[in-house]
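Enquirer:
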Amino acid sequence: MGNQSSSNKIETLPIDTTFKLPANIPVWPQGGGFATGTINIGGLKLFQISTFNKVWKTLEGGPGDAGAAFFEPAGIPEGFFTLGHYSQPNNKPLFGSILVAKDETSSGDNNGALKKPIDYTLVWSSKSQKIKQDKDGYIWLPTAPDGYKTLGHVVTTTPEKPSLDKIRCVRSDLTDQCERSSWIWGPDKSSDEKGFNVYEVRPSNRGTQAPGVLVGTFFAHNGEIPSPLPIACLKNTNMNFSSSMPNLPQVKALVQAYSPFMYLHPDEEFQPASTKWYFTNGALLVKKGEESKPVPIDPTGSNLPQGGNNDGEYWLDLPSDKANKERVKKGDFKSCQAYVHAKPMFGGTFTDLVMWVFYPFNGPGTAKVGLIDIPLGKIGEHIGDWEHVTLRVSNFDGELKKVYLSQHSNGQWVEASQLEFQSGNKSVCYSSLNGHAIYPKAGLVMQGLDGIGIKNETKKSEKVIDMGVGFEVVSGEYLGSAIVEPPWLNFLRQWGPKITYDIAKELDNLAKVFPALEALEDGLPNELLGQEGPTGPKLKRNWQGDEV
Numbered sequence: 001m002g003n004q005s006s007s008n009k010i011e012t013l014p015i016d017t018t019f020k021l022p023a024n025i026p027v028w029p030q031g032g033g034f035a036t037g038t039i040n041i042g043g044l045k046l047f048q049i050s051t052f053n054k055v056w057k058t059l060e061g062g063p064g065d066a067g068a069a070f071f072e073p074a075g076i077p078e079g080f081f082t083l084g085h086y087s088q089p090n091n092k093p094l095f096g097s098i099l100v101a102k103d104e105t106s107s108g109d110n111n112g113a114l115k116k117p118i119d120y121t122l123v124w125s126s127k128s129q130k131i132k133q134d135k136d137g138y139i140w141l142p143t144a145p146d147g148y149k150t151l152g153h154v155v156t157t158t159p160e161k162p163s164l165d166k167i168r169c170v171r172s173d174l175t176d177q178c179e180r181s182s183w184i185w186g187p188d189k190s191s192d193e194k195g196f197n198v199y200e201v202r203p204s205n206r207g208t209q210a211p212g213v214l215v216g217t218f219f220a221h222n223g224e225i226p227s228p229l230p231i232a233c234l235k236n237t238n239m240n241f242s243s244s245m246p247n248l249p250q251v252k253a254l255v256q257a258y259s260p261f262m263y264l265h266p267d268e269e270f271q272p273a274s275t276k277w278y279f280t281n282g283a284l285l286v287k288k289g290e291e292s293k294p295v296p297i298d299p300t301g302s303n304l305p306q307g308g309n310n311d312g313e314y315w316l317d318l319p320s321d322k323a324n325k326e327r328v329k330k331g332d333f334k335s336c337q338a339y340v341h342a343k344p345m346f347g348g349t350f351t352d353l354v355m356w357v358f359y360p361f362n363g364p365g366t367a368k369v370g371l372i373d374i375p376l377g378k379i380g381e382h383i384g385d386w387e388h389v390t391l392r393v394s395n396f397d398g399e400l401k402k403v404y405l406s407q408h409s410n411g412q413w414v415e416a417s418q419l420e421f422q423s424g425n426k427s428v429c430y431s432s433l434n435g436h437a438i439y440p441k442a443g444l445v446m447q448g449l450d451g452i453g454i455k456n457e458t459k460k461s462e463k464v465i466d467m468g469v470g471f472e473v474v475s476g477e478y479l480g481s482a483i484v485e486p487p488w489l490n491f492l493r494q495w496g497p498k499i500t501y502d503i504a505k506e507l508d509n510l511a512k513v514f515p516a517l518e519a520l521e522d523g524l525p526n527e528l529l530g531q532e533g534p535t536g537p538k539l540k541r542n543w544q545g546d547e548v
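Residues 1 to 548 (the UniProt record's numbering) make up the sequence shown, in order.
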């Protein structure tokens, strides 16, 4: 059994455990094609497999130098076929899924949706490599017949070509272009573009209207990466994604099952609040040229200008009297509501539930130079701050797969296996002090280079928001008339005035005292430098697109 000298030392790795959500997936409300186990994408019926047989495992290289494991799907239903194998780094528990497909066309063998490959090419073998592994591994690329595309690789532990019956290729019109995403493995500890590497792949074109379907396969290549890649993803040719999407009662049930608890920092002065609280506590609508005559805002925002574009003609501001302004700046986390936008992803095979939270005020930043904290005065302050958490759910069974956390003008995806859970399948996230970037763990995250950067500090506190309490589903275009969008959502201007102070001047003043700060300006997030105003949810790139 493989290399005995290394197998004697094999310790248990995270990959040797299969991750399961802390609680069972609830029974969802009935209706429609959501969470029924299969999805039809026009010519193909898809089924999601998350049980695997391990084929081959390396014990070094890749993320954390922990190696990676390669699997084939197990328990494939009658009539369905493998499109490729699955791989994952060893430094995380096994938590993946891969799609298998059944031909639903009636065109027989000549022009069916699926066909066997005509041959295999050996992409790479570990045989001559000096790496720790359980046995030798061989990674093959199927050769598709004319008019068909390959969607994934086959992995074996012998030098003989796999059986042509092992896998199916897909008719080209049912496929879409894909691209590399995260690095899974390479013999080195970091991804050397010129060597052998294994990557996750995803559709190149992603968004609410994009038909590309994530298969769950990987891309393996030795040397410079070709463009386009020699493997494709699936394509939902139905374009009516709503058939597999959750209806409104199902959306609400998903939010209740998976909505996170968000902890504010114990020293947080600038708390989130509901839009209603903000409007009824004195927020103002300002019109360009009539700055001296701001108008109070109705509780639902019904007197806000609707539609148009972000032309600078209107903006929102805090109350004009000082005492009220200071009070409203501080928000009120007990009034906070999450505003949910439900949208299809990956050709309607996933639902993204984007949970938006509003902060009346974003506090000043703090820089850290070596061991010294430097308050950045006004830098980082702005009025009106929208942050969000996105729950990515599989439409095959309603399982939570990933959570996206917004962090200034970017953010990060966190796989469910890497989340901290507090109650059932409800995870925990942390809002950073003053800046309100959201992180999966408490502690300090630095933004910047070489010991100079902006502090993002998070900590558990009594100020905790259960985002599943009092949430409101404010938008879901595919749901049609089931949802009436609140007027404030269609206010497409800034939620705060343009910042009027001179950032460069502020930084120069600080740099006189702390010369090391001169290097900081390049590393600051855009909105900290006042280059990106606080726009509402509909003007953010992820409203129609993917998160990153």
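Every residue gets a Cβ at the ideal spot worked out from N, C-alpha and C, and that includes glycine.
Note that the structure is a prediction, hence the values are computed from the model and not measured.
Report yes or no: do the stretch 86-94 and the stretch 31-45 share at least 3 C-beta pairs separated by less than 8 Å?
Expert: Contact fails: fewer than three Cβ-Cβ distances are below 8 Å.
Enquirer: So for glutamate 472, helix, strand or coil by DSSP?
Expert: Here glutamate 472 sits in strand by DSSP.
Enquirer: For valine 548, count the other beta carbons within 10 Å of its own beta carbon; 16 or more makes it buried, fewer makes it exposed. Which is it?
Expert: Exposed, since its Cβ has fewer than 16 Cβ neighbours within 10 Å.
Enquirer: How big is the Cα-Cα spacing for asparagine 8 and glycine 435?
Expert: For asparagine 8, the pLDDT reaches just 46, beneath the cut-off of 50, and the residue's location in the model is therefore unreliable, although a value from the coordinates is still provided. In a straight line, the C-alpha of asparagine 8 is about 50 Å away from that of glycine 435.
Enquirer: Between which two residues does the alpha helix (DSSP H) harbouring threonine 275 extend?
Expert: First-last of the alpha helix (DSSP H) with threonine 275: 275-280.
Enquirer: Would you report the Cα separation of arginine 327 and leucine 539, rounded to the nearest angstrom?
Expert: About 28 Å.
Enquirer: Beta-carbon separation of glycine 536 and leucine 479 under 9 Å?
Expert: Not a contact, by the Cβ cut-off of 9 Å.
Enquirer: What does the alpha-carbon distance come out to for the pair glycine 301 and glutamate 472?
Expert: C-alpha separation (whole angstroms): 15 Å.
Enquirer: Taking the straight line between their C-alpha atoms, what separation do you get for glutamate 120 and valine 389?
Expert: Reading the sequence as shown, one finds tyrosine at residue 120 and not glutamate. Looking at the two C-alpha atoms, the distance is approximately 43 Å.
Enquirer: Determine, using beta-carbon pairs with one atom in the stretch 287-294 and one in the stretch 342-353, whether at least three such pairs fall under 8 Å.
Expert: Contact between the stretch 287-294 and the stretch 342-353 is absent, because fewer than three Cβ pairs lie under 8 Å.
Enquirer: Taking the straight line between their C-alpha atoms, what separation do you get for phenylalanine 361 and tyrosine 278?
Expert: If you take the alpha carbons of phenylalanine 361 and tyrosine 278, they lie about 11 Å apart.
Enquirer: Quick check: the stretch 252-266 against the stretch 193-208, are at least 3 beta-carbon pairs closer than 8 Å?
Expert: They do not touch, by the three-pair rule.
Enquirer: Quick one: grab the DSSP three-state call for serine 302.
Expert: Residue state, collapsed to three classes: coil.
Enquirer: Between Tyr314, Asp352, Gly312 and Ser274, which lies nearest to lysine 329 when the distance is taken from Cα to Cα?
Expert: Among Tyr314, Asp352, Gly312 and Ser274, the Cα nearest to that of lysine 329 belongs to Ser274.
Enquirer: Can we say the stretch 386-402 touches the stretch 307-320, given the rule of at least three CB pairs closer than 8 Å?
Expert: No: the two stretches stay apart, fewer than three of their Cβ pairs being nearer than 8 Å.
Enquirer: How about aspartate 352 and leucine 391: are their beta carbons less than 9 Å apart?
Expert: For aspartate 352 and leucine 391, yes; Cβs fall inside 9 Å.
Enquirer: Quick one: residues in its chain with C-beta nearer than 8 Å to the C-beta of lysine 127, no 5 flanking neighbours on either side, listed in chain order?
Expert: Only Asp136, Tyr138 and Pro159 meet the Cβ criterion.
Enquirer: Helix, strand or coil: how does DSSP classify isoleucine 15 here?
Expert: Helix, per DSSP.
Enquirer: I need the straight-line Cα distance from glutamine 209 to methionine 239, nearest angstrom please.
Expert: The alpha-carbon atoms of glutamine 209 and methionine 239 are separated by roughly 8 Å.
Enquirer: Determine the DSSP secondary structure at aspartate 173, reduced to helix, strand or coil.
Expert: Aspartate 173: helix per DSSP, three-state reduction.
Enquirer: Taking the alpha-carbon positions, what's the methionine 1 to asparagine 410 distance?
Expert: Bear in mind that a pLDDT of 38 at methionine 1, under 50, signals an unreliable position, so the model cannot answer this.
Enquirer: Starting from the C-beta of isoleucine 49, find all residues in its chain whose C-beta is less than 8 Å away, skip the five residues before and the five after it, and write them out in chain order.
Expert: So the list reads Pro73, Ala74, Gly75, Ile76, Ser97, Ile98, Leu99 and Val100, once near-sequence residues are dropped.
Enquirer: Could you give the first and the last residue of the continuous beta strand (DSSP E) run that contains glutamate 415?
Expert: Glutamate 415 -> beta strand (DSSP E) spans 410-415.
Enquirer: When the Cα atoms are used, what is the spatial distance from valine 428 to glycine 468?
Expert: If I take the Cα positions, the gap works out to 12 Å.
Enquirer: So what does DSSP say about serine 7, is it helix, strand or coil?
Expert: Model confidence at serine 7 stands at a pLDDT of 44, short of 50, so the residue's coordinates are unreliable; what they give is reported in the following sentence. In the structure shown, serine 7 sits in a helix (DSSP, three-state: H, G or I).
Enquirer: Rounded to the nearest angstrom, what separates phenylalanine 241 and phenylalanine 346 at their Cα positions?
Expert: Going from the Cα of phenylalanine 241 to the Cα of phenylalanine 346 covers about 9 Å.
Enquirer: Give a yes or no on whether the C-beta atoms belonging to methionine 245 and phenylalanine 34 are separated by under 9 Å.
Expert: Contact flag set, yes.
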